[in-house]
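These notes concern the structure reproduced below.
This is the structure in structure tokens:
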């Protein structure tokens with residue numbers, strides 16, 4: 119059994135890296151969608167949504183860095199160009215969205231994609247005994263679930 123620098127089986131870590139890169143790619147498109155909406159939101163709920171989108175993209179930016187660093191820790195190479203992100207992501211660029219309710223709905227949908235990927239990564243990492251990745255996903259999942267709940271309440 120060959121292990122990597124942190125003592126995990128190399129074959130297990132190599133199997134997990136593509137999933138983490140998929141998560142990274144989706145995070146980057148989600149992040150850019152948030153920036154788009156932060157810059158372009160208008161209307162009577164401008165102040166609350168402008169601030170919320172900034173809060174969310176700040177958190178997403180931190181997560182992007184953590185996921186990329188986890189990939190490096192496992193011995194992989196994180197995707198690092200928008201071309202790679204667009205190719206690997208299932209979240210799509212939002213483009214021009216002028217309706218703030220549609221913005222919130224889009225962000226909620228993006229979060230649900232991230233949650234699906236994180237749950238899959240959590241299961242795989244758990245099977246491999248990769249506590250570092252398990253802990254990262256275990257931190258992300260409940261935080262996102264709370265944001266999805268809040269956005270859902272906003273959309274009622």
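Residue numbers (this note's numbering): 119 to 274.
Cβ atoms here follow ideal geometry from the backbone N, Cα and C, with glycine treated the same way.
Residue environment for residue 134: buried (at least 16 other C-beta atoms within 10 angstroms of its C-beta). Where residue 225 is concerned, the enclosing alpha helix (DSSP H) starts and stops at 218-246. DSSP lists 127 as the beta-bridge partner residues of residue 121. In terms of CA proximity to residue 245, 127 leads the group 119, 122, 120, 127. Taking 4 residues as the shortest admissible run, the segment 173-224 contains the following complete alpha helix (DSSP H) segments, listed from N- to C-terminal end: 200-206. Setting aside the 5 residues that flank it on each side, residue 228 is surrounded in the same chain by 148, 151, 209, each with a C-beta closer than 7 Å to its C-beta; the list follows chain order.
The Cβ neighbour count for residue 251, taken over all protein chains shown within 10 Å, is at least 16; the residue is labelled buried.
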